[in-house]
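K.L.:
The structure's right below; bear with me while I get my questions together.
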Amino acid sequence: MMDVKFHNTLTAKKEPFIPVDDKHIKIYVCGPTVYARPHIGNARPRIVFDLLARFLKVIYPKVTYVSNITDIDDKINDAALKSGKSIQDITNLYRRHFDEDMAALNCLKPDIEPTVTDNIDCIIETIQNIIDKDHAYVAEDHVLFAVDSFSDYGKLSGRTLEDQKAGARVAVADFKKHPGDFVLWKPSTGHEPGWESPWGFGRPGWHIECTANIIRHLGMPIDIHAGGTDLVFPHHENELAQGECCSDVKLFSKYWMHNGFINVNSEKMSKSIGNILLIEDLLETASGEAIRLAILSTHYRQPIDWRDDTLTQATANLNKIHVALSQFPIDAEQVLDIHLFHTLADDLNTPLMLTEIYQLCKKVMSGDAKAHKSLVAMTHMLGLGLQSLDKKVTISEELLAEVEALITKRKQAKLDKNYQLADDIRQDLTSRGIEIQDKGSETTWSWKK
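Below is the structure:
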């Protein structure tokens, strides 16, 4: 397979991507809590990890991309009370808005998109497993995870239990054994939604829903768990602890990927400042493709400083791409430029890929039809250039010639009994995603997507 590398938050370094099972890649991305219109910060992980799924689906035969919808939350309860609407009405309304806005940004729907309310039985079962393994306890109608029962707690965020004690800023419930213990299940009263459980009528805590979703829809371990940097602690730290404590599989996710924040004119987005950028408002000034391009113009791990001219520049660059795309007919054949594809293989390096795409545009404008085929394929990969949707991607003529030359060289090496060289050539081709098959004196090859 192709040499792919991603930055792993768990190890704080860029590592080769070696799947748990290369026949089935499993990705989980934390999704939205549906109580308000989505803003640009909500859109960034959706765009980034939509690209991740698109990219991996080109390389591997099967990729399952799961992203949840949180439809039980105190913020949802508050929104329902303030509006006078039911909780169901609130979640239905804002889930529809989220879907509409993400579709406008050319984000494909995840393969599976579970909600909390559809998964209560699995959540209860997961909590019971954690209790049975002595990693959680019941206190005053709550179920709490005991952080000091898990020796690796803090390995994702780098926070220690002592850090948490020293950093506590709010009063800690007196029924907690440790200040860092967190809620798996809590009682529901009055207007709050709830379900019957072994611990009384209540509802799940925030963190447990994602762990249960992964267990039900993907199975442990998964390859990649992703989301915004703000989720590393406590959400993802707690998910990891729950996952590795609720079963005999001691690996929850092999890789953890996190995108950076979006600031507005060098200030953090916040309601108090009044600088929240809603997708619906941005769509009144620019296309969804331009917003997507603006997000992808910065490396996903770096912060974005969204400025007054961000969409103006993105729109200008998008126009260049569309003009170049229109220079030749777009037929069923696209050429996946292996060099450009490798920029995505290097930790989704979209800024470098876009720089080279703009160079492709110049070649196309000079009449280069081969560059046009590459441009169509690569913009399609990024979710740009809508004209290129649902087209077949093929290998470039340059790569074809190189592969044939290497196969010829390998044949001669085998005739010369230079088996080491023959094996080296096979390994070289395999590393590029080219699989060869020997049938007697003939050698065939295929590109493993």
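Residue numbers for the sequence shown follow our numbering, beginning at 71 and rising by one.
Positions of the beta carbon are idealized from the N, C-alpha and C atoms, including for glycine.
1) Of the residues D169, A394, F398 and L366, which one's Cα is nearest the Cα of Q383?
2) Return the first residue and the last residue of the alpha helix (DSSP H) that P115 is part of.
3) Strictly by DSSP, which residues pair up with I332?
4) Below 8 Å, can you find three or more Cβ-Cβ pairs linking the segment 312–331 to the segment 110–119?
5) Can you name, in chain order, every residue of its own chain whose Cβ lies under 6 Å from the Cβ of L310, other than the five neighbours on each side?
6) Give the C-beta separation of S192 and R107 to the nearest angstrom, bearing in mind that I take them to be a contact with Cβ-Cβ under 8 Å.
7) Can you round the beta-carbon distance between T137 and I194 to whole angstroms, since I take them to be within the 8 Å contact cut?
8) Classify Q312 as buried or exposed, calling it buried when 16 or more other Cβ atoms lie within 10 Å of its own Cβ.
9) Taking Cβ positions, are M448 and I427 nearer each other than 8 Å?
10) Take the Cβ of N389 as the centre, count every other Cβ of all protein chains shown within 10 Å, and call the residue buried at 16 or more, exposed below.
11) I need the boundaries of the alpha helix (DSSP H) containing A394, first residue and last residue.
12) List the whole-angstrom C-beta distance separating T134 from K96, where the pair is believed to meet the contact cut-off of C-beta under 8 Å.
13) Quick one: is T79 buried, meaning 16 or more other Cβ sit within 10 Å of its Cβ, or exposed?
14) Whole angstroms is fine: what's the gap from G264's alpha carbon to D144's?
15) Between F220, W255 and H261, which lies nearest to H248 when the distance is taken from Cα to Cα?
16) Going by DSSP, what residue range makes up the alpha helix (DSSP H) through F411?
17) Give me the Cα-Cα distance between I142 and Q429, rounded to the nearest whole angstrom.
18) Going by the beta-carbon positions, is the gap between M451 and F125 smaller than 8 Å?
19) Return yes when the Cβ of H305 is within less than 8 Å of the Cβ of W276, no when it is not.
20) Between the alpha carbons of I200 and N147, how many angstroms are there, rounded?
21) Helix, strand or coil for N147 per DSSP?
22) Assign P274 to buried or exposed, taking buried as 16 or more other Cβ atoms, counted over all protein chains shown, within 10 Å of its Cβ.
23) Buried or exposed for V319, please, with buried defined as at least 16 other CB atoms from any protein chain shown within 10 angstroms of its CB.
24) Sorted by chain position, which residues of the same chain lie with C-beta nearer than 7 Å to R377's C-beta, five sequence neighbours on each side aside?
25) Enumerate in chain order the residues of its own chain whose CB-to-CB distance from P184 is below 8 Å, with the five nearest sequence positions on each side excluded.
26) Using only alpha-carbon positions, find the residue among G272, K132 and D486 that is nearest to I190.
27) Where A415 and A209 are concerned, what is the direct C-alpha to C-alpha distance, given to the nearest angstrom?
28) Which one or two residues does DSSP pair with T103 in a beta bridge?
29) Hey, C280 and H205: beta-carbon distance below 8 Å or not?
30) What's the C-alpha gap between V463 and D181?
31) Which residues in the same chain as E545 place their Cβ atom closer than 8 Å to its Cβ, once the five residues preceding and following it in sequence are excluded?
32) Spatial neighbours of T196 within its chain, please: CB distance less than 8 Å, with the 5 preceding and 5 following residues excluded, ordered by chain position.
33) So who's on the other strand from E337, going by DSSP bridges?
34) Who pairs with D508 in a beta bridge, going by DSSP?
P.N.:
On the basis of the data shown:
1) L366
2) I110 to I129
3) I374
4) yes
5) L226 and F322
6) Sequence check: residue 192 is Cys here, not Ser. With 8 Å as the limit, C192 and R107 do not qualify as a contact, their Cβ atoms being about 30 Å apart.
7) The sequence shown places Ser at residue 137, not Thr. Actually they are not in contact, since the Cβ atoms of S137 and I194 sit about 22 Å apart, beyond 8 Å.
8) buried
9) yes
10) exposed
11) T380 to L395
12) 6 Å
13) buried
14) 12 Å
15) F220
16) I408 to A415
17) 47 Å
18) yes
19) yes
20) 27 Å
21) helix
22) buried
23) exposed
24) N335
25) V136, N138, I139, N283, R286 and H287
26) G272
27) 48 Å
28) T140
29) no
30) Model confidence at V463 stands at a pLDDT of 41, short of 50, so the residue's coordinates are unreliable and nothing is read from them.
31) The requested residue 545 does not occur in the structure, where the chain is confined to residues 71 to 519.
32) I278, T281, A282, I285, Q312 and C316
33) V334
34) T513
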